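Student: This is the structure I want to talk about, given as structure tokens.
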Amino acid sequence: MSWFVLVLSGALEAVWATALGRTEGFTRPAPTVVFVLGLVGSMLGLAWAMRTLPVGTAYAVWVGIGAALTAGYAMASGEEPLSALRVLLLLGIVGCVVGLKLTH
């Protein structure tokens, strides 16, 4: 269950990171609310998962999932350039996250 919660909180990291970029300095209410809710949910999930998972592993997985999803969404939405090299590098992050799970 800890791994499921950790993956979900990593996905919420991507939500709050993307929302943060859209708040325009916290001047837009809707993205600001999404940011706050995503941040709180993400941190609560990470904290819960860390009760049974090693801190280093949990944090690396959380960051890796959040980073890969945030960058992937930005490329898919056209906010960042899409290239085969960028996709390959993001898949490397995902591969590392899977490796951490397999070695746990």
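Numbering (this note's numbering), first residue to last: 3 to 106. For each residue, glycine too, the CB sits at the ideal point set by N, CA and C. Since we're looking at a predicted model, the values are computed, not measured.
As a quick exercise: from Leu-22, Val-36, Leu-8, pick the residue whose alpha carbon is nearest that of Ala-49.
Tutor: Mapped onto the sequence shown, residue 49 falls at position 47. The shortest Cα separation from Ala-49 among Leu-22, Val-36, Leu-8 belongs to Leu-8.
Student: Quick one: Cα of Ala-86 to Cα of Trp-5, how far?
Tutor: In the sequence shown, residue 86 corresponds to position 84, counting from 1. In the sequence shown, residue 5 corresponds to position 3, counting from 1. Ala-86 and Trp-5: Cα-Cα distance of roughly 29 Å.
Student: Given that a residue counts as buried once 16 or more other Cβ atoms are within 10 Å of its Cβ, and exposed if not, what is Ser-44?
Tutor: The residue labelled residue 44 in the question sits at position 42 within the sequence shown. Ser-44 comes out buried.
Student: What are the start and end residues of the alpha helix (DSSP H) that includes Leu-55?
Tutor: For the purposes of this step, residue 55 is taken as the residue at position 53 of the sequence shown. From DSSP, Leu-55 is part of no alpha helix (DSSP H); its letter is neither H nor E.
Student: Determine contact between the region 65-76 and the region 91-102, defined as no fewer than three beta-carbon pairs at a distance below 8 Å.
Tutor: Flag = yes, the region 65-76 and the region 91-102 touch.
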